[in-house]
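Okay, so here's the structure we're looking at.
In the numbering used here, the protein residues as written are 38 to 432.
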């Protein structure tokens with residue numbers, strides 16, 4: 038201690054400063070060094086994050102989403118047969134060795150979709166993996182919806198099994214159990230030991246009252262959204278922003294579509310309000326409950342004035358007024374979500390943005406291919422098919 042004091046005195050005499058001034062200067066230097074180290078560590082972490090995303094980002098860019106591009110979708114629409122569509126998509130990297138039966142082709146496309154999203158989960162950096170694991174549950178619920186609709190339609194067990202693809206908790210054994218179930222309620226009972234058992238069981242009274250699978254589908258949607266929302270708590274802080282923005286838009290789009298569908302199907306507002314997703318970017322739960330009280334579809338649409346969604350939705354009004362189908366509104370909202378994901382890929386190109394864009398676009402891409410193949414096989418007019426697909430730009 039005495040040596041330190043003597044050293045301080047020497048500095049004081051050398052530079053003509055007091056002991057207090059010396060201590061102040063020393064503290065300032067230590068503070069600046071600490072800031073420098075912290076800044077360097079921040080940059081180092083940023084560089085590490087970029088490095089972690091390098092491979093998965095390069096991979097999704099190599100695979101791409103060609104069939105959300107209007108020119109590529111137009112090429113598919115010009116096909117004369119389902120086999121011609123298959124030839125075209127295989128030229129762009131789709132490895133699907135199935136021909137003939139449309140149902141088999143659709144199942145193969147769904148399997149490809151699942152595989153691509155599972156690859157994202159495997160290759161994504163640990164700091165963002167929880168979000169993509171939660172997103173994968175969205176694809177699990179799509180399989181459950183197929184099973185529930187099939188049971189509602191009374192399809193034979195062997196046909197139901199052919200439609201479903203094992204993924205996650207949906208094992209071959211569970212598929213067989215659901216396919217062999219006596220009805221929708223019994224199929225739900227088969228899911229009691231899975232994460233989906235409780236949310237589905239809770240709305241069985243609504244299903245029994247309405248005799249519609251809509252409450253079951255909405256319950257699945259709400260449960261998966263909660264998993265997406267909760268995943269933010271387990272994602273690295275530096276990666277939360279693009280995920281938060283996506284989840285906010287996703288909630289708004291899902292809520293608007295649900296509200297329109299419920300109103301079109303004349304479902305009571307009180308029933309519909311149970312399925313509202315909280316955490317929307319522009320539409321609060323309170324405002325959505327208020328909107329759901331309006332009498333018809335167009336009254337709901339007008340309440341969206343002033344939101345970012347109105348510019349997309351208003352373009353679909355003439356077609357709705359002509360057909361009285363809400364699908365034009367749903368397609369417009371899907372295009373908005375796709376556009377939002379594309380924005381994230383650009384704004385957060387060194388982070389999670391490209392991966393988010395890929396999984397969102399892949400869902401629409403697979404849906405576009407399925408729609409074109411089904412449409413061509415069933416002789417759907419070209420102009421009608423153009424309105425079904427969701428892509429970037431106009432066809």
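For every residue, glycine included, the Cβ atom is placed at its ideal position computed from N, Cα and C. Predicted, not measured: the structure shown is a model, and the values here were computed from it.
| query | result |
| --- | --- |
| In this structure, does DSSP put residue 231 in helix, strand or coil? | coil |
| Of the residues 384, 396, 313 and 423, which one's Cα is nearest the Cα of residue 364? | 423 |
| Between residue 120 and residue 131, what straight-line distance do the alpha-carbon atoms span, to the nearest angstrom? | 13 Å |
| Which stretch, first to last residue, makes up the alpha helix (DSSP H) that contains residue 267? | 251–268 |
| Between residue 273 and residue 164, is the Cβ-Cβ spacing less than 7 Å? | yes |
| Under a three-way DSSP split, which group does residue 163 fall into? | coil |
| Please specify which runs of the beta strand (DSSP E), each continuous and at least 3 residues long, are wholly inside the stretch 168–195, giving them in chain order. | none |
| Whose C-beta lies closer than 6 Å to the C-beta of residue 209 among residues of the same chain, with five residues either side of it excluded? | 203 |
| Using C-beta distances below 7 Å, list every residue in its chain close to residue 345, excluding the 5 sequence neighbours before and after it, in chain order. | 319 |
| Looking only at its own chain, which residues have a Cβ that is under 6 Å from the Cβ of residue 428, when we skip the five neighbours before and after it? | 105, 107 and 110 |
| What did DSSP end up calling residue 506 once you bin it into helix, strand or coil? | The shown model of the chain, from 38 to 432, leaves out residue 506, and the question about it has no answer. |
| Rounded to the nearest angstrom, how far is the Cβ of residue 393 from that of residue 381, given a contact under 8 Å? | 5 Å |
| Following a CB-centred definition, is residue 167 positioned closer than 6 Å to any heavy atom of the ligand GDP? | You won't find the ligand GDP in this model; it holds no ligand whatsoever. |
| Look at residue 240 and residue 256 and say whether their C-beta atoms are less than 7 Å apart. | yes |
| Among all the DSSP beta bridges, which residues are the ones paired with residue 204? | 207 |
| Going by alpha carbons, who is nearest to residue 212 out of 122, 190, 126 and 177? | 177 |
| Please classify residue 420: does DSSP put it in a helix, a strand, or coil? | helix |
| Does the beta-carbon of residue 99 have 16 or more other beta-carbons within 10 angstroms, so that it is buried, or is it exposed? | exposed |
| Pairing CB atoms from the stretch 397–413 with CB atoms from the stretch 189–197, are three or more of them under 8 Å? | no |
| For the alpha helix (DSSP H) holding residue 412, just list the boundary residues, first then last. | 390–414 |
| Residue 207: which of 229, 181 and 200 sits nearest, CA to CA? | 181 |
| Name, in chain order, the residues that DSSP records as bridge partners for residue 429. | 106 |
| For residue 152, name the three-state secondary structure that DSSP assigns. | helix |
| Cα separation between residue 327 and residue 313? | 12 Å |
| Leaving out five residues before and five after residue 286 in sequence, what residues of the same chain have Cβ atoms less than 7 Å from its Cβ? | 318, 374 and 377 |
| Can you tell me which of the three DSSP states residue 240 falls into? | coil |
| For residue 352, which residues of its own chain have a beta-carbon under 8 Å away from its beta-carbon, when the five flanking residues on both sides are left out? | 369 |
| Are the beta-carbon atoms of residue 129 and residue 154 separated by less than 7 Å? | no |
| Grab me the residues of residue 81's own chain with a C-beta within less than 8 Å of its C-beta, minus the 5 sequence neighbours each way, in chain order. | In this prediction, residue 81 has a pLDDT of 46, which is less than 50 and means its spatial position is unreliable; nothing more can be read from the coordinates. |
| Excluding the 5 residues preceding and the 5 following residue 218 in the sequence, name in chain order all residues of the same chain whose CB lies nearer than 7 Å to its CB. | 188, 224 and 227 |
| Can you tell me which of 258, 148 and 403 puts its alpha carbon nearest to the alpha carbon of residue 232? | 258 |
| Assign residue 335 to buried or exposed, taking buried as 16 or more other Cβ atoms, counted over all protein chains shown, within 10 Å of its Cβ. | exposed |
| The alpha helix (DSSP H) with residue 291 in it runs from where to where? | 277–301 |
| Excluding the 5 residues flanking residue 402 on each side, which residues of the same chain have their C-beta closer than 8 Å to its C-beta? | 102, 103, 104 and 105 |
| Between the Cα of residue 296 and those of 282, 267, 283 and 340, spot the shortest distance and give me the residue it belongs to. | 340 |
| Residue 312 by DSSP, collapsed to three states: which one? | helix |
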